[in-house]
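Quick notes on the structure that follows.
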Amino acid sequence: MSSCERIEKCPFFNDQMANMPATSVLYKHRYCKGENSRCARLHVLEEAGPEAVPGDLFPNQWERAAEIIERRRGA
Ligand code: SF4
Numbered sequence: 006m007s008s009c010e011r012i013e014k015c016p017f018f019n020d021q022m023a024n025m026p027a028t029s030v031l032y033k034h035r036y037c038k039g040e041n042s043r044c045a046r047l048h049v050l051e052e053a054g055p056e057a058v059p060g061d062l063f064p065n066q067w068e069r070a071a072e073i074i075e076r077r078r079g080a
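Just so you know, the sequence shown maps onto residues 6 to 80 in the working numbering.
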């Protein structure tokens, strides 16, 4: 486990997203400074490119991430 390579620029980690969840501190600890390979944002970025990552996608939204990647593959 290590800090995410996107941590300096990531809008989630830097509190730049609207409607940050109350659990954001927990998520930052769990994903950004831990299991970043399980982060939904990072998953979409790696599979579909940075432009495919919605501004309001949170690290725990795996199902939404999978749908986005599916759509991009089917496009
Ligand atoms: S939200 Fe995801 S992409 Fe952003 S810093 Fe955390 S682990 Fe990395």
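Beta carbons are placed, not taken as given, at the ideal position from N, Cα and C, and that holds for glycine.
Buried versus exposed call for residue i [16 or more other C-beta atoms within 10 Å across all chains shown]
i	result
residue 30	exposed
residue 33	buried
Beta-bridge pairing of residue i - partner residues as DSSP gives them
i	result
residue 8	In the DSSP output, where bridge partners are listed per residue, residue 8 has none listed.
residue 40	7
Sub-8 Å separation of residue i and residue j beta-carbons
i	j	result
residue 16	residue 60	yes
residue 35	residue 53	no
residue 74	residue 49	yes
residue 37	residue 8	yes
message: Check whether the region 31-45 and the region 56-73 are in contact - that is, three or more C-beta pairs closer than 8 Å.
response: Judged by Cβ distances under 8 Å, the region 31-45 makes contact with the region 56-73, as three or more pairs qualify.
message: Any residue with its Cβ nearer than 6 Å to a heavy atom of the ligand SF4 should be included. What is that list in chain order?
response: Taking every residue with its beta carbon within less than 6 Å of a heavy atom belonging to the ligand SF4 gives, in chain order, 9, 11, 12, 15, 17, 18, 36, 37, 41, 44, 46, 47 and 64.
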